[in-house]
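Visitor: The listed protein sequences correspond, in order, to chains A and B. Quick note: the first sequence uses my numbering, first residue 14, plus one each step. Quick note: the second sequence uses my numbering, first residue 7, plus one each step.
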Amino acid sequence: MSEPIVWLTIFVLSVFVGIEVISKVSSTLHTPLMSGANAIHGIILLGAILVTGTTDNGVAVAVGLVAIVLAAVNMVGGFVVTDRMLQMFVRKKPVKKDESTGGAA
Amino acid sequence: MPTWIQLVFLACGVCFILALKGLSGPKTARNGNLLGAVAAVVACLMPFFWTDLHLKHVPLIIAAIVVGTVGGVYGAQKVQMTQMPQMVALFNGVGGGAAALVALLELQEHVSADTHENWFIWAATAFTVVIGATSFAGSAVTFAKLQDLMTSRPVVFPGLRYVFGITLGAAVVVSVRLVIAPSVWLAVVLGLIGLFFGLLLVLPVGGADVPIVISLLNAFTGLTVAAGGYVLSNVLLLIGGTLVGASGTFLTLLMAGAMGRSVTNILFGALKGGSTLGAGEASDRPVRSVTPEDAAIMLGYADRVIIVPGYGLAVAQAQHTLRELVDVLVDKGIEVDYAIHPVAGRMPGHMNVLLAEAQVPYEQLREMDQINGDFKDTDVVLVVGANDVVNPAAKTTPGAPIYGMPILNADEARQVIFMKRSMRPGFAGIENELLFDEKTALLFGDAKDSMGKLLNAVKAL
Numbered sequence: 014m015s016e017p018i019v020w021l022t023i024f025v026l027s028v029f030v031g032i033e034v035i036s037k038v039s040s041t042l043h044t045p046l047m048s049g050a051n052a053i054h055g056i057i058l059l060g061a062i063l064v065t066g067t068t069d070n071g072v073a074v075a076v077g078l079v080a081i082v083l084a085a086v087n088m089v090g091g092f093v094v095t096d097r098m099l100q101m102f103v104r105k106k107p108v109k110k111d112e113s114t115g116g117a118a
Numbered sequence: 007m008p009t010w011i012q013l014v015f016l017a018c019g020v021c022f023i024l025a026l027k028g029l030s031g032p033k034t035a036r037n038g039n040l041l042g043a044v045a046a047v048v049a050c051l052m053p054f055f056w057t058d059l060h061l062k063h064v065p066l067i068i069a070a071i072v073v074g075t076v077g078g079v080y081g082a083q084k085v086q087m088t089q090m091p092q093m094v095a096l097f098n099g100v101g102g103g104a105a106a107l108v109a110l111l112e113l114q115e116h117v118s119a120d121t122h123e124n125w126f127i128w129a130a131t132a133f134t135v136v137i138g139a140t141s142f143a144g145s146a147v148t149f150a151k152l153q154d155l156m157t158s159r160p161v162v163f164p165g166l167r168y169v170f171g172i173t174l175g176a177a178v179v180v181s182v183r184l185v186i187a188p189s190v191w192l193a194v195v196l197g198l199i200g201l202f203f204g205l206l207l208v209l210p211v212g213g214a215d216v217p218i219v220i221s222l223l224n225a226f227t228g229l230t231v232a233a234g235g236y237v238l239s240n241v242l243l244l245i246g247g248t249l250v251g252a253s254g255t256f257l258t259l260l261m262a263g264a265m266g267r268s269v270t271n272i273l274f275g276a277l278k279g280g281s282t283l284g285a286g287e288a289s290d291r292p293v294r295s296v297t298p299e300d301a302a303i304m305l306g307y308a309d310r311v312i313i314v315p316g317y318g319l320a321v322a323q324a325q326h327t328l329r330e331l332v333d334v335l336v337d338k339g340i341e342v343d344y345a346i347h348p349v350a351g352r353m354p355g356h357m358n359v360l361l362a363e364a365q366v367p368y369e370q371l372r373e374m375d376q377i378n379g380d381f382k383d384t385d386v387v388l389v390v391g392a393n394d395v396v397n398p399a400a401k402t403t404p405g406a407p408i409y410g411m412p413i414l415n416a417d418e419a420r421q422v423i424f425m426k427r428s429m430r431p432g433f434a435g436i437e438n439e440l441l442f443d444e445k446t447a448l449l450f451g452d453a454k455d456s457m458g459k460l461l462n463a464v465k466a467l
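1) Can a CB atom of chain A be found closer than 9 Å to the CB of Arg36 (chain B)?
2) Taking one C-beta from the segment 52–59 of chain A and one from the segment 45–57 of chain B each time, how about it: are there three or more such pairs within less than 8 Å?
3) Kindly identify the DSSP beta-bridge partner or partners of Glu373 (chain B).
4) For Lys151 (chain B), count neighbouring C-beta atoms within 10 Å of its own C-beta (all shown protein chains included) and say buried if the count is 16 or more, exposed if not.
5) Measuring straight from C-alpha to C-alpha, what distance separates Ile436 (chain B) and Leu16 (chain B)?
6) With distance defined between alpha-carbon atoms, name the residue in B:Ala95, B:Ser189, B:Trp125 nearest to Ser145 (chain B).
7) Out of B:Val195, B:Leu206, B:Ile11, which one is the CA nearest neighbour of Pro164 (chain B)?
8) Over the uninterrupted alpha helix (DSSP H) stretch that includes Ala463 (chain B), give me the two end residues.
9) Using a beta-carbon distance below 9 Å, is Pro62 (chain B) in contact with chain A?
10) Comparing alpha-carbon positions, which option in B:Thr403, B:Ala400, B:Asp58, B:Leu155 lies nearest Thr9 (chain B)?
11) Spell out the partners DSSP gives Val386 (chain B) in its beta bridges.
12) Counting only beta-carbon atoms, is Met87 (chain B) nearer than 9 Å to chain A?
13) Assuming Phe29 (chain A) is part of the alpha helix (DSSP H), what are its boundary residues?
14) When you compare the segment 222–242 of chain B with the segment 350–363 of chain B, are there three or more beta-carbon pairs, one atom per stretch, that lie closer than 8 Å?
15) Start and end of the alpha helix (DSSP H) containing Thr446 (chain B)?
16) Mind reading off the beta-carbon distance from Gly306 (chain B) to Val422 (chain B)? Whole number of angstroms is fine, and I expect it under 8 Å.
17) Given this structure, state the Cα-to-Cα distance separating Val336 (chain B) from Arg97 (chain A), to the nearest angstrom.
18) Quick one: list the residues of chain B neighbouring Ile18 (chain A), beta-carbon separation under 7 Å, in chain order.
19) How would you call Thr282 (chain B), buried or exposed, if buried means at least 16 neighbouring beta carbons within 10 angstroms?
20) Taking just the CA atoms, how far does Met265 (chain B) sit from Val5 (chain B)?
21) Whose CA, out of B:Thr157, B:Val136, B:Leu249, B:Gly251, lies closest to the CA of Val194 (chain B)?
22) Kindly indicate which three-state DSSP category Gly286 (chain B) falls into: helix, strand or coil?
23) Decide yes or no for the touch test of the segment 246–256 of chain B against the segment 64–73 of chain A: beta carbon pairs closer than 8 Å, at least 3 of them.
24) Per DSSP, Ser295 (chain B) forms a beta bridge with which residues?
25) Three or more C-beta pairs closer than 8 Å, one from the segment 381–401 of chain B and one from the segment 304–323 of chain B: is that the case here?
26) By Cβ distance, which residues of its chain are closer than 6 Å to Phe142 (chain B), with the 5 residues on each side in sequence left out?
27) I'd like the list of long-range same chain contacts for Asn87 (chain A), defined as Cβ closer than 6 Å, with 5 residues on each side in sequence excluded.
28) Name the chain A residues that come within less than 7 Å of Tyr236 (chain B), Cβ to Cβ?
29) Classify Gly91 (chain A) as buried or exposed, calling it buried when 16 or more other Cβ atoms lie within 10 Å of its own Cβ.
30) Going straight from the alpha carbon of Phe381 (chain B) to that of His356 (chain B), what length do you get?
31) Determine whether the beta carbon atoms of Met156 (chain B) and Met353 (chain B) lie at a separation below 9 Å.
32) Using the beta-carbon count (16 or more within 10 Å), is Ala187 (chain B) buried or exposed?
33) Can you give me the C-alpha to C-alpha distance between Ala233 (chain B) and Gln153 (chain B), rounded to a whole angstrom?
34) Can you give the Cα-Cα distance for Gly286 (chain B) and Thr327 (chain B), rounded to whole angstroms?
35) Report the partner residues of Lys426 (chain B) according to the DSSP bridge assignment.
36) Against Gly81 (chain B), what residues of chain A qualify as contacts under a CB-to-CB distance less than 9 Å, listed in chain order?
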């Protein structure tokens with residue numbers, strides 16, 4: 014298989030996996046899911062580090078550093094803010110009231 | 007690249023899949039997110055352990071990472087839950103911008119080294135630069151609209167569709183030029199076109215549709231990162247970006263479906279001249295206004311109450327008082343539920359986050375499909391800071407901007423209490439007939455203030 018075909022194969026399969034894994038999400042979780050997915054594309058930070066660390070051109074290094082800052086904001090901020098939201102969802106269950114009588118526990 | 011690093015990247019790719027899988031279930035969501043974070047951090051450490059790479063400028067790189075991390079954590083910790091949509095837009099935009107810059111730098115490396123790559127690489131570079139820039143500028147406008155830095159109404163001008171068409175054409179022409187004869191300055195021009203295109207894409211979108219656009223731009227950035235992965239020959243970027251691109255696109259369609267809109271209609275509705283916003287004027291027709299004490303009696307002697315919370319509730323920070331009110335009503339033996347419209351708040355699922363923050367038990371939150379049949383047996387519906395999601399015009403007025411959007415059937419209940427600050431229309435800018443219905447009572451005032459009075463009045467019953 015030629016190189017581009019390998020990449021295309023990975024791409025197409027990833028598209029299907031991406032749709033499949035979230036196809037059953039409830040609308041309750043749309044906001045955290047969007048935010049979490051947003052953080053995952055912050056992986057561009059890896060790319061930013063690689064291009065910045067392999068160039069000698071002064072301007073390129075400067076631009077690369079800007080890209081690193083932006084990507085780090087995306088990745089770190091995205092994961093932290095998603096966790097903050099999800100923390101609220103899994104907070105300890107409130108004291109359950111006795112449902113049959115409606116009386117306070 | 008050493009095999010072991012490739013294996014680490016493969017493992018990180020698998021972790022991203024599991025992270026998304028986890029995020030789509032309430033019990034697994036938090037662990038899913040943490041798994042994704044760990045994988046991303048591990049992946050980003052790899053260049054420092056990849057000795058053959060001879061990574062240069064390490065102190066500067068680390069400093070930049072620290073700056074970005076501090077900024078990201080600060081923003082993520084400070085943001086209020088009501089402002090979550092614009093925060094997501096902002097994080098998304100900077101990611102898109104970073105991807106565009108990375109592709110630009112890689113192009114510069116290739117050009118200066120005079121390497122002969124196949125044309126796929128140049129096409130992917132052009133795609134990354136133009137869509138990354140689009141996502142950056144589009145997200146910036148989205149942020150400004152949601153943060154009230156600019157009007158949330160559609161910004162249109164005569165000839166917009168021609169400017170739009172010309173910009174699109176220019177992007178294609180320059181991209182083709184770039185593929186034939188790669189050069190850095192062409193890529194810079196392409197980036198500028200992308201920025202302009204981002205503005206044109208989001209400015210005409212009306213306030214109520216902005217959340218869909220956030221999701222769409224998120225998918226754009228994902229695809230940008232995927233293309234960037236191909237440019238850099240990095241399989242992890244390709245996998246991560248594609249996963250986000252695909253799931254983001256799917257999520258966008260899902261949300262648009264929940265609003266009864268098509269994505270093309272949302273994006274290009276304004277171009278065709280049909281605005282997504284109404285006149286935005288308040289009417290002076292008579293309404294029935296009540297005092298908190300009257301409203302308390304209606305609630306206190308009901309058997310079944312449904313609360314319809316909206317963004318106004320969260321803006322007024324009244325959700326804690328509302329939960330207290332519901333606790334008091336439940337103690338009186340009244341059956342109370344919250345009816346959550348899929349797009350309540352400023353982003354699908356946003357209201358669930360806001361109520362979870364106020365520690366409203368998860369079981370009391372009912373989704374639209376589950377509860378819509380219950381309204382006709384309901385004594386009182388209390389609408390707090392919501393408007394468009396209970397506007398019957400969505401069912402009855404074919405010309406209305408929200409026509410076709412599924413709504414909560416509050417109009418079927420015996421009585422409706424609206425807590426409103428004023429008669430101003432909702433985010434979609436159209437009048438709500440339900441406000442003038444004879445079974446509707448209006449309780450005017452700041453939601454937090456009125457809610458406090460209502461709570462005291464109910465306690466005093």
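We put the beta carbon where it would ideally sit given N, CA and C, even for glycine. Source: prediction; values computed, not measured.
Guide: Let me spell this out:
1) True, the Cβ-Cβ gap to chain A drops below 9 Å.
2) Touching, per the Cβ criterion.
3) Glu373 (chain B) is bridged by DSSP to B:Ile346.
4) In the assembly as shown, Lys151 (chain B) is a buried residue. Its beta-carbon has 16 or more other beta-carbons within 10 Å.
5) The alpha-carbon atoms of Ile436 (chain B) and Leu16 (chain B) are separated by roughly 51 Å.
6) Minimum Cα distance to Ser145 (chain B) is reached at B:Ala95.
7) Out of B:Val195, B:Leu206, B:Ile11, B:Leu206 has the C-alpha closest to the C-alpha of Pro164 (chain B).
8) That run of the alpha helix (DSSP H) goes 453–466.
9) Reading off the sequence, residue 62 (chain B) comes out as Lys, not Pro. Taking Cβ atoms only, chain A reaches closer than 9 Å to Lys62 (chain B), which makes this a yes.
10) Checking every option, the nearest Cα to that of Thr9 (chain B) belongs to B:Asp58.
11) DSSP, once it has assigned bridges, lists B:Val311, B:Gln421 as partnering Val386 (chain B).
12) Residue contact check for Met87 (chain B) against chain A: a CB pair falls below 9 Å.
13) Run containing Phe29 (chain A): 16–35, per the alpha helix (DSSP H) assignment.
14) Segments in contact, no.
15) The continuous stretches of alpha helix (DSSP H) do not include Thr446 (chain B), which lies in the beta strand (DSSP E) extending over residues 446–450.
16) Between Gly306 (chain B) and Val422 (chain B) a beta carbon distance of about 16 Å is seen, past the 8 Å cut, so the two are scored as non-contacting.
17) Cα-Cα distance, rounded: 29 Å.
18) Within 7 Å Cβ-Cβ: nothing; Ile18 (chain A) doesn't reach chain B, min ~10 Å.
19) Summary for Thr282 (chain B): the model assigns pLDDT 44, below 50, so the residue's position carries little reliability; its value from the coordinates is reported in the next sentence. Thr282 (chain B) comes out buried.
20) Residue 5 (chain B) lies beyond the stretch modelled for chain B, which goes from 7 to 467, so this question has no answer here.
21) The residue with the shortest Cα to Cα distance from Val194 (chain B) is B:Val136.
22) At Gly286 (chain B) the pLDDT is 47, less than 50, meaning the model places this residue with poor confidence; the figure from the coordinates comes in the next sentence. It is coil, neither helix nor strand.
23) Verdict: no, contact absent.
24) For Ser295 (chain B), the pairing in a beta bridge is given by DSSP as B:Leu448.
25) The segment 381–401 of chain B vs the segment 304–323 of chain B: in contact.
26) Around Phe142 (chain B): Gly99, Gly102, Gly103.
27) Excluding positions up to five away in sequence, the list reads Gly55.
28) Simply Trp20.
29) So Gly91 (chain A) counts as buried.
30) Between Phe381 (chain B) and His356 (chain B), the alpha-carbon positions lie close to 23 Å from each other.
31) With respect to Met353 (chain B), Met156 (chain B) sits apart: the two C-beta atoms are not nearer than 9 Å.
32) That one is exposed.
33) C-alpha separation (whole angstroms): 31 Å.
34) Confidence at Gly286 (chain B) is low in this model, with a pLDDT of 47, below 50, so its placement is unreliable and the value that follows should be read with caution. For Gly286 (chain B) and Thr327 (chain B), the distance between alpha carbons rounds to 30 Å.
35) Answer is B:Phe450.
36) What Gly81 (chain B) touches in chain A: Val86, Gly90, Val93, Val94.
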